[in-house]
Each structure stands twice: as structure tokens, then as C-alpha cells.
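For the sequence shown, UniProt numbering assigns the number 1 to the initial residue and increments by one for each residue that follows.
Single-structure report; data block below.
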Amino acid sequence: MEAAIVSGITKEVITSLKTAAVNEIAKLVCVKKEIKNLTITFDNICAQIRGADQIVAHSEATNYRLKLLREYAYEAENIIDLFSIELGGMQEPRLQERNASSVCRCCREVGVRYKAANDIQELNKKLERITPTLLQELCREDRQSNITTPQHDEFITIGRNIANECDNLFRLLLRGNQAGQCLFAIVGAVGIGKTTLAQKIYHDTRNNFRTRLWVHVSNDSKNLWMWRGESFLGTGETAVQRVVLREYLINDRYRRLLLVIDNVWEDENGWNQFLGQDFCRGGDTVLLVTTRHECVARTMGISHCHRIKRLSEDDGWLLLRTTANLRETEATGNIQDVGRRIVQKCSGIPVAVRTIGYHLRGKTREDEWESVYLEDFVATYPEIRNSIDASYMKLSYRLKRCFLYCSLYPEGHVIEKQCIMQQWIAEGFFSEVLQEEEAEKCYQELIDRCLLLPEDEAQGVTGAKMLNLFRSFAIYRSQDENYVSNPRYIGRNFKPWRLCVTNGGKVEDIPDDATSLRSLFLFGSPQNNGRSLEFIFSKLTSLRVLDLRHTQVDNISTHLKKLHKLKQLRYLNLSNTRISSLPASIGSLTMLQFLILKNCPLLESLPRCVGHLKKLRSLDISGTPMLNVIRFNLLELTELNCLQGFIPAISGSQDNGLGWKFEELRPLDDLRSLQMLKLEKASSSRDDLGQLNLHEKSNLKELELCCSSADPQNRDRDAEHIKAVFEALKPAQCLVSLKIANYYGDQFPSWFSNSHLTVLQRLTLDLDDCLPGWDLPPLGQMMNLRFLKITASNLLPDANNRQLRGEPRNGVAFPRLEQLVLGKMESLAPWSVLQEGDLPLLRVFHLDGCSQLNSIPSCIQRCGTLTSMKIKNIDTLQEIANLPSLKELEVHNSGRLQTVFNIRRLEDLTISDCPVLAAVNSVPLLCSVHIKEQSERLPQWLQQKSFVLRRLDIIGTEELLDRCSLPIAQYGYIIQAAAEHVYAKLVDGSFYFSYNKSTGSFQRSRRCIERLTVDGLHNNVVPPDNWRAWMVYTLYAILVIASSFLFSGLLRSVDKTSQHPQ
């Protein structure tokens, strides 16, 4: 149990003990002293473990007492919680006069206070038993830094991708030095290879800089170690060593200087101030920093941050094989398969791959490798655990709790930003004030520190994933609190507080000792049914978070009738379930803050009591097409800050439960996110629209305005009505994200402009129903726009339209745009007005459908930062060429695409359903190709020999793969020459065969072998036009047969000689 987390929990309890609810308990004179003693005890413990980031429990006994302390802290929270609920329920009916019922209520209130008082007294007794011993046992332990030197091992395997990154950064350093740009940073997750990359650059630049300095910062930032060249200068306190370092920076004798500062954690010691504005000295000095936190580099004034990538599977396998001293002849077949799975389990983190590789030295049997693969890498190998620990221990108490909580999500699951933030709040990780802001800061910091990997927003999901290795670490670190597996295996001495049911587990298998759960995740576990829900509502009554999304329980609405027993529930997620209605008893969940009913296709009604959930902060009813009865209003939900699925009352209707009036939004001053649906049904009368006040909501950051699909017969008539409604929906200028869907007004509302939406970062326009010939506003003038998605089949057929670019400040259009997604566009002609220098930061471009596109627009070709492109469903596209910085290219369903050429930095290519693609040329760095082919023939372009791949993935039919799975098959010689590693799968994703060039061996699935055995090779042999290859294999076979005869004859002669030595 980690002392830092226990310390944080107890501090929160101390805060709770000073609230109004506890003051109500303290009205009983006999318990005032007990509350004071409880507060003092918790205060003393917190004081003893101050600086808890450096505290470790040295014995199992201390660890056990810390667990008890956490349990007692949670118990104190529950006492206060239940008291507040009971007292609040009694005070709800307010009578104007004292009568018999009010007297009874007073008696009940006294009874509730006495119960809470007795619980606090019992809790004090429990604490008295452990506090003295615990305070004596807690002690401090200094964490030692792993000192990294500038010495570079020439024989270390860093992989092809990392080598390319090193070369790129090396050129950038030299070019930047000549151009006066002198500040650079290498940013990446723990163990990813930042220091290795810096060491290689430090070594490779020895002839380019007269003086080279290497500075290593200790983990606590209190000490520095310094080298000049490869000579050690000394170590000491940061302030003292900086004096020495400053002498090098200001002395003219040390011109043309490279300074590498390794392992910078925070800028709390003022590196930015130390370096000063004159650091570059006219381009003679270059600074290179390694850090795990990009914000630290930005604080130091560094503009160019090089984010290092994880090892690819091929590079990881090369590193593992090399570190394990495994010869190529041994690295075959199943050994290689297990090795690649080990690399995946290591999440491409070099330090983990290298550690496992050292452990595998001398092990050449498959079962030995399989045994290592099945181990828990974090628990088994201290080197891996300690390297991640270095980053983890730097996290604040709240960041630690948030990070560990993410491990409850299944492996590979997308952790949606909004969901995880709401769950953190429901668990009580943040104080009562500005909880959403604090949660968002924590989420972003976990991403900045590379502990979470953000998903591509172009896919429509705002979320992140946790690397498998980091998830294993988080599970290991939180094993005293969180449990992720089948509850049947929960041990007797283990009392988890949070549970994610996986591996076919059933909720009913939770042991009685573990029913004090605070969070429960099912994630659609198929073994859980109505009986499971009954168990939850009867046994797990302390739940604060209940996530039942994707749980396909029949008659789920019937089982929810006992939902009211979860009195402390804060978060309820029923998304993607078969729920048809909510029970009226949900109104008794007075602590409920988040109610998520997204994408429930059978949901028909919401009860009136939902409007009495005064603590509700978020309500999501989006994606509920059957919902037609809403019996409550929003006026009492004053804490609501997220409302997804607001449906306006039908124009001219009375209060019939078919929607909300606009005036009900007025008291919701805390709204941060609002989605409004079916706006075409809203009243456009001046009185109704006058009730809207979105422009006054200074907290509103996200706004989604949606209409239903337009009626073609009435679209022109309704255009003016829609325009009037949208005009009244003018948001405040603080808006960060805006989505407009199915809008068919005759023009955009006047507020949709760069002059009003000054801080807008995300814009999504789904304009399929817009009027033909419509013009887009000058989006190029939006200075802060980072993400732009436009889907519009009727938009802008006029190639002469110049409005899109506008007249941006500083002459640069879309100056901060990073991701551009276009769909169903008739033409990209409007984008041709962009000039050289526009889109300076664009890195991702997706295009789905464009009926008049022959080649990639020049404005995209000129983007020097574009690294990823995805093209889908464009039948007119004939070539993709001249993209100087592109590294990843995906092309799907482009029937006329003929050539891909002159993409000099392309590394990864995916091609699917492009039948006439004939040539892929001038791609010297291409190392991975993924193809999906429906026909029985291998694509013509792949039969060229213009590139040599590291990896080739083929998804195809059995007929095609049979023609590739033997050396003498029709395409066997192409497979053998195309790549170092070839992997073939059927369309259903099942493995078919693989090929390893270094050993010349094929590995085939049972299905592949059976087909070859049954069919022979009558359909798959080399045809006459490949007679040269056939002759080679024939001669090879003859040579093998002749050799066998010669060898057998030689053996016979040797045998005779041994029998008659005379």
C-alpha cells in the first residue's frame, strides 16, 4: 500500500470532517469530542507521512496497517455520506407548522445523529489500535537516481525507425544551428529510448561542435552530473554545478558548443531563467533536452519537440533477438512468434524488451520462451518496474490515483475522456470546486507525460489508450485497491475497492469480504445477467461508480427496480443497453451526479423524478431515437454542466412531455457541454427564442447543434426558420469545440465567424443537407483552429470561390490546424486558393469521397509537416505523388488509382481495393506494406523490385494465399524477394502462413497445409511465363538429389575404410 495515496485520502477525510454535515452530527454534545479526536488522529498521521512521494512501507506489518488506515478513511467517508443522505431525505418535506409528523421527523433526526455518532466512536477505537505503531514504523527512504552518462554503445541495437529518427534530428540540429534555432527537446514515455537517442547524437556530432557538454539531472532535481566530451567533470548540488556550467556558456573560448541536459523533470529550478534569452549566442550554441513531459520543454522556451516513437514490432524483435544472443538459425518458427508476442506485451518500450532479452540468454527452447511470455513483466523484473517507477513517483497524489484508476479499463480499450473524468469525480478524487477543470488538467497531464496515448480525433473519438506495459504497472501498483479479472479468484486476505469483471467472470462470485466496492465495471461481460443485477443492488450497496455499458441483459428495466438501494451511487452508465425506461425509484439516488443513457435504442421515456436529482452534473440521452416522453424539467438541475440530447419542445405545443422549453436552460450557468437535437422542431417565435441566453454562459466550451435530415419538399421553406433558430443560439466567445449537423439554412448565422469564435479549436460541419451552391465562410481566418472536419455533398462546386481562405492575419491561413478531415466533397477546388505557407502545422489529412479529384491538391502537397494521410472511396483519383514529409499512407477503395510515387519519406503503406494500381516508385524508406486483396492475383505493383521491405502483411482469399505459400507456387518467388518478414491472413483475420527471409522458411497454418495436401499444386504451380524461376527450382532439386547420392556413396566408402583399415 502506498503511503502517498493513503495520506491523500486521509487529508480528504479531514476536510470532510469540517463540513456542515459533520457539524450536524456534532450537535450531540457527547460526540463533539469524538469528532475532534478523529480529526486530530488523521492530522497526526498526515503530518508523519508528509512528503509521501518519498515514503515506503518497509515491512508487511506496516503495509497491512496502511491498508487498515485506508479502510478506516473510506469508512469515515461512508459515515458522513450516509448521514447526509438520511438527513437530507428527512428535511425534504417542509411543513409550515409544527404538527405530529414534524415531531416524528425530529425524533428520527436525533436517531440518525446518534447512529452516526456511535459509528464515529467505533471508528476512533479502531484507529487507536493501529496509530501508535504505524507512526513509529513510517520512515523516509531516499530514491537514488540512475545516472546516465554520455557514453554511447556502438553495438546497441536501436532499430531502423529509431535510426531514421536519429538521422532526422541530427540534420535538424545542424540546420537549426546554422539558422539560429538552438533549442531542441526529445520527448517520450519512460524507457522509450530518449537517452539512447541523445547519446547517439552526442557521439555523432563530435566533429561538428568544438565543445560538447553532457549534464544529467537527478530524479529529485537537486544534483547534477557533468561531462565534457567523454571526460567526467564532477557532480554536486544543482546551484553549484550551474555556476560551472554558466562559465562554459558565457566564455568565448567555448564557441560552437553542444549542451545536452538529460532527464529534466520539471522547470521548478528555473532552467529557463538560467539559460537566458542570449543563450543561442548568434547560433554558436545548441541545447538538446530529454524529458518525459512536453510542457517542461515548452516552459524552457523550446519550440521544436521531437516526440520519439515506440519500437515497431520488427525493430522490437530485432532488439530482443540480439539482446538474447539468439542466432538467426534459432530465431525461427514458433520461437519468433513467441518473441514477437513478447515485444507486443512490452508495448515497444526498449528498456522492457532489452530486460526480457537479457533474461532469455541461453534459452533456445520454445517452452522456455513461452514461460517467460506468460510472466507478469512488471512484477517479475525490478528493472522494468523501477524505470516506470521513476516517472510514477514524480506524479502528484491526484495524478497517481487517476493513473491507477485507468487500469480498470480492459486491455486495448479506448478510455473516453468524458467518461473517465466523470468517474474520477464520482470517486471523490477532486475537491468540490472546479472539479471538471481539475479532472481535465489531470487527463491532459497524463497524456503530456506519455502515460496515456491519445486516439486520433479524426476517428470521431476523444479518448486515449493505456499501453499494455503501463497498464500492467498500474495494476501492480494498485493491487491493494483495484482488481481486474474474474472475481472468483479474489483471495481471502484481499479486499478490493474497485473491480472490473473480465475473463468470463460473474458478479455473483464476489466474496462477502469484498462487497464494500466503490467502483464496478462490467463492460458487456456476457456471463452477467439479471441475477447479476440483483446481486449488485442487494449486496454492493456502497457503490459510487456503476458502469454497465454494453451489458445486454433482457428486461433490464425490470431488474432496475431495486436501483434505489445504491444510496451512495454517483455515476451510472447504461449506454448501449436494452433499457426501455427508468424506474421511478431513481429519484431516491440523491447523490447521483452522472446519468449516462447514450445509444439506448429502446429507451422510450424518462420519469418525472429525474428532475429532482439536484446533484446531477451530467445527463446524456443522445442516440435514443425512441425517446418520446420526457416528464421532467431542468429548472432544479442547477449543477448540470453537461447535457447531451436536449430536445426542444415542438413549436406551439404545451407542456406535453415531448421536449424542453428554451427557458429551462437559463438557470444552468455551469453548462460546459451542450448537445441540442431536432432543432428544426423548435419554435422560431420571438418570445421563445428570446429565452435563449447561450451567449451569457461563460463556462460553455463544447456546443453541438443538430437538425434531423431535411424533408426535400419543404427544405426551401424551412431554411428561413432554421436560420432564425440558429441565429438565436449564439454562444459565448469562450467556445472551444463546435459541431453543426444537418444544417440547411440559407446561410450560416452571423455569429459563425472568426471575429466571434476567437478561441475555437475543434470544428465539425456535417452539411449533407445544405442548399446547393452554398459557400463556406472564411475558415482560414480562425487562428486557433486545430481540428476541422467537413462533410458536405452539395458544397461549393464553384472552382473560383475564394472565400474559404479569407484574409488571415499575418498572411497565413489555418496557422494552427493539425488535422483536416473532408468527406463527400464534390470538388476540392475551393482549397486550391490556399497559398504557399498556409497550413504550416498540418500533420493528418483524411479524405473520404470526392467525385472530381484526379490528384492530391497542391495545398496539401506543399505541407511540410504532413505525416499521415488516409484516402477512401475516390474513384476518380489516378495518382498520389510529391508529398515530401508523408510517412503513413492508407488508400481504400480507389478504383482508378494507378501510381504512387515520389514520397521520399514514406515508411508505411496500406492499400485495399485498388485494382488498377500498377506502380509504387521513389519510396526509398518504405519498410512496411499492408494489402487487402479480394481477387486471386497478387497486385502488379507489388511484383516490382523497386523496394525491399521489412514487413509485408497480406489479407486475402485462400486462392490468392495458396499461390504465395510455397517457393514453387505462382507468387512464391515474389514473396521470397519482397520482404524480410511476410505475414498472410484470411479475410476473417485468421493466420494462414508466414515467411522469414533470413532463414528461408515458411510457417503454415493447419488450414493452409490441408488445402495444399488436398488440392496438390494443380492451381498454384508456376505458370509457363515464369519458366526461369521454374528452371532454377528444378536445377536446385536435381542438385539436392545428386548431392544425396554423392553423400551416401561417401559414407559407404568411409564405412568400408573403417572396417578394413589396412
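We put the CB at the ideal spot given by N, CA and C, even for glycine.
Note that the structure is predicted; figures quoted are calculated from it, not measured.
Reduced DSSP category for residue i - H, G, I as helix; E, B as strand; rest coil
i, result
"Asp367", "helix"
"Arg762", "strand"
"Ala919", "strand"
"Val812", "coil"
"Ile954", "strand"
"Arg904", "coil"
"Phe184", "strand"
"Trp424", "helix"
"Asp262", "strand"
"Glu313", "helix"
"Leu834", "coil"
"Trp214", "strand"
"Ile490", "coil"
"Cys707", "coil"
"Arg143", "Residue placement at Arg143 is flagged as unreliable, the pLDDT there being 46, under the threshold of 50; the coordinate-derived value follows with that caveat. Residue state, collapsed to three classes: coil."
"Cys450", "coil"
"Leu877", "coil"
Between the CA atoms of residue j and residue i - distance to the nearest angstrom
i, j, result
"Lys730", "Glu436", "24 Å"
"Glu247", "Val240", "12 Å"
"Asp119", "Glu77", "11 Å"
"Pro424", "Ile586", "The amino acid at residue 424 is misidentified as Pro; the sequence shows Trp. When rounded, the distance between both Cα atoms is 22 Å."
"Met869", "Ile579", "40 Å"
"residue 1078", "Thr791", "Because residue 1078 is not part of the residues shown, which for the chain are 1 to 1062, the question remains open."
"Phe209", "Arg171", "14 Å"
"Ala116", "Ile80", "8 Å"
"Gln940", "His892", "17 Å"
"Asn854", "Gly229", "54 Å"
"Gln418", "Ser755", "29 Å"
"Asn902", "Glu702", "41 Å"
"Val920", "Val900", "5 Å"
"Ile130", "Glu71", "12 Å"
"Leu404", "Ile85", "29 Å"
"Arg65", "Lys697", "48 Å"
"Gln527", "Glu534", "14 Å"
"Glu97", "Leu668", "The predicted position of Glu97 is uncertain, since its pLDDT is 40 and thus under 50; a value taken from the coordinates is nonetheless stated next. Distance between the alpha carbons of Glu97 and Leu668 is about 33 Å."
"Thr195", "Tyr358", "20 Å"
"Arg904", "Tyr202", "27 Å"
Span of the alpha helix (DSSP H) around residue i
i, result
"Thr285", "It is not in any alpha helix (DSSP H) - Thr285 instead sits in the beta strand (DSSP E) that spans Thr285 to Thr291."
"Phe991", "No alpha helix (DSSP H) holds Phe991; the beta strand (DSSP E) holding it covers Phe991 to Asn996."
"Gln241", "Thr238 to Ile250"
"Tyr476", "Asn468 to Arg477"
"Tyr405", "Tyr397 to Tyr405"
"Tyr202", "Lys194 to Asp204"
CB of residue i within 8 Å of CB of residue j, strictly
i, j, result
"Tyr992", "Leu942", "no"
"Leu467", "Ser347", "yes"
"Pro815", "Met783", "yes"
"Ile296", "Glu266", "For the record, residue 296 in the displayed sequence is Val; it is not Ile. Yes, they are a contact pair."
"Ser542", "Leu517", "yes"
"Leu597", "Ile621", "yes"
"Glu294", "Val187", "yes"
"residue 1068", "Leu847", "For residue 1068 there is no data in the structure shown, the boundaries of the chain being 1 and 1062."
"Phe646", "Gln675", "yes"
"Leu883", "Ile911", "no"
N-terminal and C-terminal residue of the beta strand (DSSP E) that residue i is part of
i, result
"Ile384", "No beta strand (DSSP E) contains Ile384, which is instead part of the alpha helix (DSSP H) from Pro382 to Tyr392."
"Asn223", "Asn223 to Arg228"
"Asn573", "Tyr571 to Asn573"
"His892", "Glu888 to His892"
"Lys985", "Ala979 to Leu986"
"Tyr743", "From DSSP, Tyr743 is part of no beta strand (DSSP E); its letter is neither H nor E."
Tell me the start and end of each unbroken alpha helix (DSSP H) in the region 511-556 that is at least 4 residues and wholly inside, in chain order.
530-539
Segments assigned beta strand (DSSP E), at least 3 residues, entirely inside the region 925-951
928-933
Mind listing, in chain order, the continuous beta strand (DSSP E) runs of no fewer than 3 residues lying wholly within the region 605-684?
618-620, 642-646 and 673-676
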